[in-house]
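J.: The numbering used here applies: residue 3 is where the sequence shown begins, and numbers increase by one. The beta carbon of each residue, even a glycine, is placed where N, CA and C say it ideally should be.
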Amino acid sequence: MKNTKIMAVLVILLAAALFVGAASATEQATVNTTELVTPEEPSLLPGTEYQLVTDTYDNYAIIGESILPADVKFTSLDSAKNSATTDSDGMITFTKNGYYKGQLPATTVTYMITLSGVVQKPTTGQVNFTGTNLFDGSAVATLGLTYVNNNDNSTVTGITIDDGGLPAGVTVNMSASGASNLIMNISDTGAVTLYNGTLEEDGTITYADENFNLGHGVYTFTYTVDMPAIDVAVRVDGTEPGPEPDPSAVYRTVASGADAFVFEHIVIDGTINTAGLKLTKFSEGSNPTVVNQISADKTGVFYLTESSVNGQYGTYYLASTWPGDEAPATKNVSIWYPEISLQAELTTNTATGASSGDSIDGKTVNKDTNVSFLINAPKVGPAFATISEGPAKATIWFTTPASGKTSYYGAVDFEKKNLTAAQTMVGFGPAGNDATAGTWTAQAEYTSPQAFKDYAKKSNTISFTLQSSTLTITAAKDSVVRSNPFTVTISGKSQTVYAVYLDGASTDDVNPYLQEGQNGFQSYYDDEIGGAFFKTDASGKRTIQYNTASNTEDKTYTIKVNGLAEPYTTGMTTAVLDTSDYDKVKVKVEKGAVTITASGDGSYYLGDEIKLTGTNTDSTNVFLFLTGQNLNTNGIILKDLPDKIDASKAANPVAVKTDNTWEFKWDTSEIALDTGAYTIYATSRLTNGKSSDPTDSDSIYATKGKAVKLSDSEYATVSVNLKQPFLSAVPSGTVIAQGDKLYVRGTAEGKPANLKLFIFGPNFFEPYTITVEDDGTYEKKIDIGSSVSSNQYFVVVQHPMYNGVFDAELKGSKDDNYMYFQIQNSTTGGSQQASFVVWGANKLQGSQAADALTKMIDDANIDDIYTKLTFTVAAPWIRINNPGDQAVGSKFTVKGTTNLAVGDQILVEVVSSSFTASDKTQTNTNSGVSQTTKVVAGDGADNAWSVDVDTTNWKLDQYTIKVNGIEVDVTTTADFNLVEKVVTPTPTATSAQPTTTTAPATTTATPSTPGFGAFIALAGLGAVALLVLRRN
């Protein structure tokens, strides 16, 4: 059955086309009793006669339209109380605009449903008859007979009439040929009497005698409906303006210094019937100017329209110009917009309606939750509170989930509430259990003064959802990985204490436990595991957190909330529960997982830092232990190395981050492990290493005094292979020019912080420190001074190895003219090698000192390693491969060799021998090139250099090639000729090939330019002759 709505206020929606015409015109307006009239919908016109027609009476099975009966009186809802009444034909004429409400009288309607058909014995299930509503020939109802068994005399437990428009609570009379009861036969034997019954709200009929048999026949059911009085409303809204009232007849007198508002008609006290008045707002500052000005009419009335105020709010003086020193004595008013806003907050004091700012806007509240409604009228409330025209009034209109509009919220009517302050609490209370669940909205609007009602903007709209106060409990998630918390939320009555606990939990298990210090906590409930009393907030809700540990049993837990049979008293720890008022929710606690990875490829040099990372969703700590050859059977604590402590005694696990990741940087420089393969375990609980048995442990991380067996923990493993570090060193060259630089490059595995480098030579010793990069590579630049003698030099590079200490240590300083090597540390114990001097009295020769250092580092008592190399220092030189004669316009390469280091910069210059300074008015036709280039590695022992030369537009001449070292002081030169054409030798009769000999380039310490200016003295014919000879 459809739920009846006989207590609701039904509003007439005018949907038919309305014609604007003479007052005598008659139109028919269709009524829809389920919708509200809104200002945007069509309305009746004053002065027009209408025949009001109802739409379908919802819930009463009346199909089609029905004319309103006579004597339905409609009265306007405003203070005028205008009225109009329908005549015998349902005709009505409204003369004034407004909202009108009327009431339809109660009526009684009798209907019949005829059911006919032939009932055959079914195998199972029910037999249905379909009937017709005789009132209009369209409503259909179904008589269902539900069989219990399949005997000849089948037993029927009840009759169900499906929704055919029947309302609940009506009496159903069944008759056949006027009889008051029915004798129904389904077979040759057996018969029962079917008695009259009442149709229940759920659509079923219960009989005193539930057993009957139904045979062939036609059966008629009749029922009556008593329809209650129904409130209806209509809006009358003329489309043409009526006569203008005399504006000066309605105004408010405002005292000087008081507040006035947009949309008002005002007179400043004592100025009525005064023409030429102006209200002026002036700017601030020492020289005020006019910001806005409003003129009164001839009677002294100011019309504060929106356009005249123009958004300029504040103080207005009754003056056309700034009154200057007289301003304090000048009459003035403050003009504001009549703002209005609405707040709806949870009530915190049910005696006074006080609230604490907890808004319900956009939230869900229970039907029994007390809500306080506050209207803010920051200027209007105080201004109208004490004057004769006040106080101002406002109504809160609520829109229900069915789109109905009402001023009631629960039992409180919020119509025409006085606004006596900037904020007025206009009422509070719950919606009540009869309120419709769903989304509600609320909006406030002025009802007086009339100008505010007609023109002022309505307040903001508040939206909230009403729900039943039925006790429920929900979980934020269905499952949680142990060591993580979970929350449940109870929803019930407002400000009510409930018992929450783990239903069916065992004391033998490690169970979830309540977080301490939670909001709403009252006391612990000792009758149940994980139990406590919690009080809901004003909205009837409370969220509760349970925590889990790494050893919480992985299973499904039931969290139950129970109402109390007796009121809660402060501090109580036991209670009698209301067994009919409860709810449950299940949360599954699951095992987590542990992962571990090691940076790199799994192979590491002793001394390397190995980064171990992973995840752990099972606990908040990760325990690391190590297994390997001849270590403790079940493993040793990785973080305690070089001490070898059983894994079961771990006291310093790695903490897991909030994103379930963990990280540990393992420094292998001082772990006292030999090279080889090892396995690292990461576990979520303290275990007895890799053992399959638990063991006693006094660690704070033990589980009930035990380090559990490995299988009781989540774990993962990773293998690492530790290798001995090595050291390599390569010089940038074996021959280094005086004044040049030497680069020593190589690799030092094992992540040493730095290396030591020593150079030994005749009366020469220099120590250096080398920084090693993160990837193990290094490079050291060593400047070889130009004063360093040409000779062989020896280099030793020292690695500190595992302990990070240079055990063969250089002591003393050149400033003290005494330096010596001595072993300062012994890794394995035993005798130490004697020291030796490398600088000062009794020093060893250079080569002997280098040899002594390598032997000292070879001592088995220390872990340092070394590598050695040699290089030779020689005088710098550069050679030029003479290019010979070249044809003008040709392109060729000038190149050569050198013992300068690869990467050194050299300057190559090609200069015409006839280069002279010229007058600035002459065109310079000299030719040549100047270019720097880098030394590169050559094909053999010598390095190489080259530059490309383009002789286009050069003149015929002799040219000098001059090559200078930029970083090293060395110079060399060579000459060549640029001719018109290179002569190709003619072969002789014999096959002997001509030999071209190129003079070697000359290297001098003090370079000069041979031929520089050689042709300066040549002139005239001699120079021409020489050029002719060159052309030939």
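Thinking just about the alpha-carbon of each residue, which of V499, T681, I647 and W442 is nearest to the one in A404?
T.: W442
J.: What whole-angstrom Cβ distance do S78 and G100 have, given they're in contact under 8 Å?
T.: Confirmed, Cβ separation roughly 4 Å.
J.: In the DSSP assignment, what are the bridge partners of M376?
T.: Just to set this straight, residue 376 is Leu in the shown sequence, not Met. Bridge partners of L376: Q345 and M427.
J.: Nearest by alpha-carbon distance to I377: which of N351, A446, D583 and G316 is it?
T.: A446
J.: Report the rounded CA-to-CA distance for T576 versus K557, giving the unit in angstroms.
T.: 27 Å
J.: Let me make sure I understand the geometry here. Which of E518, S621, D539 and D603 has the alpha-carbon closest to that of E555?
T.: Looking at the Cα atoms, S621 is the closest of the given residues.
J.: Since V563 contacts I475 with CB under 8 Å, what's their CB separation in whole angstroms?
T.: 4 Å between Cβ atoms; contact.
J.: Would you kindly report the start and end of the unbroken beta strand (DSSP E) that includes I546?
T.: K543 to N549
J.: Pull up the distance between the alpha-carbon of D661 and that of K369, whole angstroms please.
T.: 41 Å
J.: Which of the three DSSP states, helix, strand or coil, is assigned to W399?
T.: Secondary structure of W399 (DSSP, three-state): strand.
J.: I want to know whether the segment 485 to 497 touches the segment 331 to 340 - three or more CB-CB distances under 8 Å.
T.: no
J.: Given the structure, does S471 come close to the ligand FMN, in the sense that its CB is under 8 Å from one of the ligand's heavy atoms?
T.: With respect to the ligand FMN, the structure offers nothing, as it holds no ligand at all.
J.: Roughly how many whole angstroms lie between the Cα atoms of Y683 and I673?
T.: 17 Å
J.: Using only alpha-carbon positions, find the residue among S837, A755, F796 and Y795 that is nearest to G806.
T.: A755
J.: Could you spell out where the alpha helix (DSSP H) holding Q452 opens and where it closes?
T.: Q452 to Y457
J.: Quick check for students: name the residue ranges of the alpha helix (DSSP H) that lie wholly in the segment 598 to 653, counting only runs of 4 or more.
T.: none
J.: Rounded to a whole number of angstroms, what is the C-alpha to C-alpha distance between K586 and S525?
T.: Straight across, the Cα-Cα distance linking K586 with S525 is about 20 Å.
J.: Enumerate in chain order the residues of its own chain whose CB-to-CB distance from F666 is below 6 Å, with the five nearest sequence positions on each side excluded.
T.: These residues qualify, in order along the chain: L614 and V656.
J.: Near V839, which residues of its chain fall below 6 Å by C-beta distance, leaving aside the five closest residues on each side in sequence?
T.: Y822 and K845
J.: For the segment 738 to 753 against the segment 710 to 723, do three or more pairs of beta-carbon atoms, one drawn from each stretch, fall closer than 8 Å, so that the two count as touching?
T.: no
J.: Let me know if Q960 comes out buried or exposed under the rule of 16 or more other beta-carbons within 10 Å of its beta-carbon.
T.: buried
J.: Can you list, in chain order, the residues of its chain whose CB lies under 6 Å from that of T773, leaving out five sequence neighbours each side?
T.: N756
J.: If distances are taken between C-alpha atoms only, which option among F96, T498 and T509 comes closest to F523?
T.: T498
J.: Near G392, what residues of its chain come up, given a Cβ to Cβ distance below 6 Å and the 5 sequence neighbours on each side ignored?
T.: Taking C-beta separations shorter than 6 Å and ignoring five residues to either side along the sequence, the partners of G392 in its chain run F386, following chain order.
J.: Using a 10 Å radius around the Cβ and a threshold of 16 neighbouring Cβ atoms, would you call S671 buried or exposed?
T.: buried
J.: For N979 versus V972, is the C-beta distance shorter than 9 Å?
T.: no
J.: Who are the Cβ neighbours of G604 in its own chain at under 7 Å, not counting the five residues just before and after it?
T.: S721, V722 and N723
J.: Are the CB atoms of K753 and E611 within a distance shorter than 9 Å?
T.: Against a cut-off of 9 Å, the Cβ pair of K753 and E611 comes out as a contact.
J.: Nearest to S582 by CA position, among G565, D853, G898 and S309, is which residue?
T.: G565
J.: What whole-angstrom Cβ distance do D363 and L348 have, given they're in contact under 8 Å?
T.: Going by Cβ atoms, the distance from D363 to L348 rounds to 11 Å, so no, they are not a contact pair.
J.: From which residue to which residue does the beta strand (DSSP E) around G383 run?
T.: No beta strand (DSSP E) holds G383; the alpha helix (DSSP H) holding it covers V382 to F386.
J.: Nearest-angstrom Cα distance between V502 and F535?
T.: 6 Å
J.: At what residues does the beta strand (DSSP E) containing E592 begin and finish?
T.: L579 to E592
J.: Mind reading off the beta-carbon distance from T276 to Q295? Whole number of angstroms is fine, and I expect it under 8 Å.
T.: Wrong, their Cβ atoms sit about 16 Å apart, outside the cutoff.
J.: Start and end of the beta strand (DSSP E) containing D977?
T.: T973 to V981
J.: Can you find the residues in the same chain that come closer than 6 Å, C-beta to C-beta, to V303, ignoring five residues on each side of it along the sequence?
T.: Cβ neighbours of V303 beyond the five flanking positions: S250, Y253, H267 and V269.
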